[in-house]
Structure formats: structure tokens, C-alpha cells
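Residue numbers (our numbering), protein chains in the order written: chain U, 22 to 135; chain Y, 42 to 154.
We put the CB at the ideal spot given by N, CA and C, even for glycine.
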């Protein structure tokens, strides 16, 4: 069964600092992996996705993530945090095992300090 | 740019009442989903729907829940007899392919009193 673990429910960085949000997954089949962002009182917006092409995936707003099969990880990074990056970030995995379902991690709230 | 829409934005109901949450997916999408998010918690998968039938459902999606695509444009989630613990934000999503990007609606906040 698939699962997603996001280490750290809260991450705080200074503006301009590196952002690193961790995601580990378990999946019995090659997964499709996603990062979504949720701003307060809004729905989820796709940041980026991994679909078995390049292992380093670039997304919107300067974010990128690297798929590491050996570590079953899909960590999200951004070289320089901006105040507008403050939001909740969710890692998600989708499997097709006959039916298809998407499992979300618990989320990491990113705080950016001036 | 096309988007997923949901109505109403906020629904207040009494415990035991039936509610129907409505979604209009993006028009050329074939895969449809419902999720819920209890306040302060993670997004939980409820059900996926394709070709007019449920593809997968979670353990949350019990007999009190049902989904329907009644007219080729709307996608509805019905809760037959609401419980206090059904209070949550409900998100609809749609996608072109099974494992492709899902586009989320803005959500319906359901409050059960």
C-alpha cells in the first residue's frame, strides 16, 4: 500500500535562504509523485510532478524536486525563499493498481521570516 | 484558463440531513475525484471516478457517501445522513489521465451542527 511521509509539520526559513521540504513515499509500483501548494483558504495548486521522465523536476515559482528511487524520496527545494512562498505544501503519490487513488502527506507549513 | 468550480462555497446543515456538494470539472477531463480536509489536517482521498463508475474509494467512503455524474458536466458528492465528523472542506478535482495532474476546485466548507 502506498503512503507518504513528510518530515516536519512546520519549517521556518529566512527570506533568501534555501527551502528544503522532505517527502518520502512507499509504493509497490513505480509511482507518480506530486507537490501541491495550498495558500490560506484556497484549494491546492500543482507545483510540480514526477512521471518517470527526468529525475530532477522543475516546477513553478522556482521550486524543483529530485526523485531518488534508492531513497524513496522526492524532496522539494528552492534556492532562495521569498515571503510569498509561505504556505502549506503537500507531497502526494498516485498509483494505478487496478483502480487509482492519490495519497497525500500530512503537509508541511512553510514560514518565511523577513 | 479553464478551472474546476464547486458550489456552494459553504454549506451548513443539521446532523442527519442529506447534503449534495456540486462540482463542475474541466470540460475535457475524464477522471474525477473527491477529497476532504478536516480543519488543520491533511487532505484525504475519498473516491475516484472514471467512465461513469467508481474506480477506487477509501475506507472513509462508506455507504453514507455516493457520487454521480448526472449530466456530463456536473460531478456530485452526496452524504445521506451527515454526522458531526463530516465537517470538513471538500475538494473536487479532475484530470485528463489517471496519473496526470489533478486540478482542484476551491472547495466547499461543510459544517454539520
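Annotation for residue 130 of chain Y: 78, 148, 150 place their beta carbon closer than 6 Å to its own, counting only its chain and skipping 5 residues before and after. Pairing residue 143 of chain Y with residue 123 of chain U gives a Cβ-Cβ distance under 8 Å. Within chain Y, the C-beta atoms nearer than 8 Å to that of residue 127 of chain U come from 82, 83, in chain order. Shown in chain order are the members of the stretch 44-71 of chain U whose Cβ falls below 7 Å from a Cβ of chain Y: 53, 63, 64, 65, 67, 70.
Under DSSP, the beta-bridge partners assigned to residue 45 of chain U are U:26, U:94. Counting along the chain, residue 148 of chain Y sits inside no beta strand (DSSP E), nor does DSSP assign it H or E at all. Spanning the alpha carbons of residue 124 of chain Y and residue 103 of chain Y requires a straight line of approximately 13 Å. C-alpha of residue 31 of chain U to C-alpha of residue 63 of chain U: approximately 19 Å in a straight line. For a Cβ distance threshold of 9 Å, residue set 74, 86, 88, 89, 96, 97, 98, 99 of chain Y lies close to residue 122 of chain U, ordered along the chain. Secondary structure of residue 95 of chain Y (DSSP, three-state): strand.
With a cutoff of 8 Å on beta-carbon distance, residue 87 of chain Y and residue 76 of chain Y are scored as near each other.
Distance from the CA atom of residue 94 of chain U to the CA atom of residue 152 of chain Y, rounded to whole angstroms, is 36 Å. Excluding residues up to 5 positions away in sequence, 68, 69 lie with their Cβ nearer than 6 Å to the Cβ of residue 80 of chain U in the same chain.
When C-alpha distances from residue 146 of chain Y are compared across Y:111, Y:99, Y:116, Y:91, the shortest belongs to Y:116.
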